[in-house]
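Participant: Going letter by letter, the sequence shown gives residues 1 to 525 in UniProt numbering.
I have a structure I would like to understand better, so I am pasting it below and will then ask my questions one at a time.
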Amino acid sequence: MSTEEQPTKKSKKPPACDRCKARRVLCHPQPNGEPCPRCVEKNATCTTTPVVRARPRRRATHARPSSTSFVESGQGKSSLSPDSTALVTDNSMNCPSLNPEFVAHCFDCFDFMPQVGHPLVRRTKIKDAIQGASFDLYSLHPQSRVLALCIIAVASLASFHESVLGSGPRPKSLADPEFFSSHRDVRMFGLRRAAVYRTLRTKAIEAAWQIRVMLETTEENALTCYLLDVLDQSDSYGMTRPFAGAYFMHVRALAPGWRTGKYTECDEARWAGFLMSESLVSTARRMPMLITHHDQLLLSGSEPAPLDSLLHSLESSKRSGLQAVWPTMKPYTFHCVSLARQLSETINGEHARLKPLSETAVITFLSSLTLLHSIASLLLARIDASFGPVPHNRIPMRYPDNNITTNHACEFIVTGLASLVLPFHRELELRGDEAEPRTRERMRLFRMQAREIAVSCLHEFASALKYLPPLHYTPLIWRTIYPWAEFCVQSTPVDTADVETIVDELKKMGYSLDVISAPQPTELF
């Protein structure tokens with residue numbers, strides 16, 4: 001075909017003018033920049049703004065979420081948009097397969113850890129839910145599924161599963177007396193599980209962010225935030241606790257509803273213990289207190305009698321043994337939280353550290369601490385008398401066992417006192433010389449008194465640890481025990497047997513935590 005015979009290409013119509021586009025009417029643009037007929041008719045200025053037209057973007061084809069997508073699969077929908085892809089999948093190299101067998105194993109291990117005693121575990125009925133789903137995570141509602149994943153991550157610190165510890169020697173169960181009663185060095189177990197634990201923790205955090213657990217107030221999300229904070233405490237040293245803050249916001253919103261329903265004295269006692277644990281984490285790290293006095297009244301009941309009245313009541317009680325211990329536990333833990341707040345607000349908190357150490361604050365706190373120490377000594381003496389000889393075989397114990405309540409009492413008593421004494425002593429050591437010259441001598445006397453209490457508390461702390469099963473209160477108790485190990489190294493004289501007990505406890509915690517890779521403890525082993 002000749003060139004003349006080829007059809008001429010039709011010229012492209014010029015764009016519509018601005019006025020016609022704005023009025024959404026048909027425009028007849030003219031060549032050579034002439035105004036269109038409509039603008040001529042209306043005697044209006046005809047202008048055309050050029051529009052850069054890019055090549056249309058090709059729509060991405062998203063693959064359908066597979067059955068391993070943690071948040072999107074199963075019953076219900078994520079709070080994210082429907083076409084968002086799930087962050088959590090099972091294909092990580094260090095992540096065990098989240099099949100029903102492994103999930104059931106982790107929930108069984110969780111029964112050996114004190115976090116299972118949290119009041120929200122019973123309220124959420126998560127254990128019933130996972131059993132009803134035959135331990136299939138993907139059959140759960142998204143909030144329950146993420147909560148279950150957090151439990152799996154926490155339980156991996158105690159797990160003896162081959163997919164967590166890998167090949168090599170490991171206990172047959174958490175009640176294996178031959179393994180846990182032996183004097184073998186278990187620190188390699190923490191090293192072997194570290195990669196799997198961190199992968200599961202990351203998976204839990206990503207899944208929690210995806211369903212926005214910090215924004216929606218439910219009992220499942222509150223417990224999820226609590227467990228995420230527990231995971232965060234294991235090897236994080238940040239100056240904030242975002243998950244703990246969300247946890248308390250959820251609890252404050254939910255608690256009035258609990259109070260209008262069936263809320264027992266046992267619920268108050270359990271909350272008192274967990275509030276104490278939370279407050280002591282902040283105290284030990286010189287962080288702002290998250291628990292208010294209102295929280296205590298709302299969750300653990302009315303304010304108890306003052307410390308001096310509590311001490312007098314305990315001394316004059318005709319009850320013997322553990323009968324005198326149980327009525328004292330809730331007021332004891334209540335006072336521990338109050339003293340932790342007092343220590344933060346007047347001595348080692350952010351605002352208190354902006355000015356020289358207050359002699360009045362030191363005297364007031366030292367007086368209260370002395371009373372608390374006397375109460376703790378009496379309670380531990382009653383427990384000693386009831387227990388008899390110190391048990392030689394320490395093996396992990398399932399939480400609902402009959403004698404775990406006594407061990408739990410030991411734990412509350414010893415961690416409550418120990419977590420207050422040492423931060424107070426350390427603060428006097430760090431800031432005692434900031435005072436006015438005329439008060440420095442008195443501050444030196446206060447330091448001596450605080451140190452005497454600390455040395456005495458060290459002995460009671462070491463004695464009480466012998467009653468506690470291993471793995472108990474892991475990982476949070478690490479932040480209690482390790483500072484005491486440092487105190488043993490820096491302070492003399494201290495009882496050699498007490499030092500050996502503390503160091504031995506650090507080694508036992510190597511079953512759960514990677515203490516070998518941590519630079520600080522190696523100086524003590």
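Beta carbons: idealized from backbone N, C-alpha and C, even for Gly.
Would you report the Cα separation of residue 268 and residue 167, rounded to the nearest angstrom?
Facilitator: About 44 Å.
Participant: So, at 7 Å on beta carbons, what are the nonlocal neighbours of residue 30 in its own chain, with the 5 sequence-adjacent residues on each side left out?
Facilitator: Excluding sequence neighbours, residue 30 sits near 36.
Participant: Measure from the alpha carbon of residue 108 to the alpha carbon of each residue in 488, 173, 443, then state which is nearest.
Facilitator: Comparing Cα positions, the closest option is 173.
Participant: Which of the three DSSP states is assigned to residue 17 in this structure?
Facilitator: Looking at residue 17 - three-state DSSP - the assignment turns out to be coil, as it is neither helix nor strand.
Participant: Which residue marks the beginning of the alpha helix (DSSP H) containing residue 443, and which one marks its end?
Facilitator: From DSSP, the alpha helix (DSSP H) with residue 443 extends over 437 to 465.
Participant: Contact defined as beta carbons within less than 8 Å: I believe residue 371 pairs with residue 308. What is the distance between those atoms, to the nearest angstrom?
Facilitator: Right, the Cβ-Cβ distance comes to about 6 Å (below 8 Å), so this counts as a contact.
Participant: So which of 34, 465, 294, 156 has the shortest CA-CA distance to residue 202?
Facilitator: The option with the nearest alpha carbon to residue 202 is 156.
Participant: Unbroken alpha helix (DSSP H) runs of length 4 or more, entirely within the region 144 to 224: which are they?
Facilitator: 162 to 165, 177 to 180, 187 to 211, all fully within the region 144 to 224.
Participant: Check this for me: beta carbons of residue 297 and residue 244, under 8 Å apart or not?
Facilitator: No, the pair does not count as a contact, with Cβ atoms beyond the cut-off.
Participant: Whole angstroms are fine: how far does the CA of residue 145 sit from the CA of residue 63?
Facilitator: Residue placement at residue 63 cannot be trusted, given a pLDDT of 38 that sits under 50; what the coordinates show is reported in the next sentence. About 23 Å.
Participant: Assign residue 132 to one of two classes, buried (16 or more other C-beta atoms within 10 Å of its C-beta) or exposed (fewer than that).
Facilitator: Its Cβ having fewer than 16 others within 10 Å, residue 132 is exposed.
Participant: Tell me whether residue 32 is buried or exposed, calling it buried when 16 or more other Cβ atoms sit within 10 Å of its Cβ.
Facilitator: That one is exposed.
Participant: Between the C-alpha atoms of residue 246 and residue 274, what's the straight-line distance to the nearest angstrom?
Facilitator: Going from the Cα of residue 246 to the Cα of residue 274 covers about 16 Å.
Participant: So does the region 430 to 442 actually touch the region 337 to 357, counting three or more Cβ pairs closer than 8 Å?
Facilitator: Segments in contact, yes.
Participant: The alpha helix (DSSP H) spanning residue 265 covers which residue range?
Facilitator: Run containing residue 265: 265 to 284, per the alpha helix (DSSP H) assignment.
Participant: Quick one: Cα of residue 234 to Cα of residue 318, how far?
Facilitator: Residue 234 and residue 318: Cα-Cα distance of roughly 43 Å.
Participant: Could you please give the first and the last residue of the uninterrupted alpha helix (DSSP H) stretch that includes residue 292?
Facilitator: Residue 292 -> no alpha helix (DSSP H), and no H or E assigned at all.
Participant: Excluding the 5 residues preceding and the 5 following residue 165 in the sequence, name in chain order all residues of the same chain whose CB lies nearer than 7 Å to its CB.
Facilitator: Cβ neighbours of residue 165 beyond the five flanking positions: 189, 192, 193.
Participant: Quick check: the Cα distance between residue 19 and residue 41, rounded to an integer number of angstroms?
Facilitator: So the two alpha carbons sit approximately 13 Å from each other.
Participant: Report the rounded CA-to-CA distance for residue 449 versus residue 299, giving the unit in angstroms.
Facilitator: When rounded, the distance between both Cα atoms is 34 Å.
Participant: Give the C-beta separation of residue 442 and residue 500 to the nearest angstrom, bearing in mind that I take them to be a contact with Cβ-Cβ under 8 Å.
Facilitator: About 36 Å separates the two Cβ atoms, so there is no contact after all.
Participant: Using the beta-carbon count (16 or more within 10 Å), is residue 181 buried or exposed?
Facilitator: It counts as exposed.
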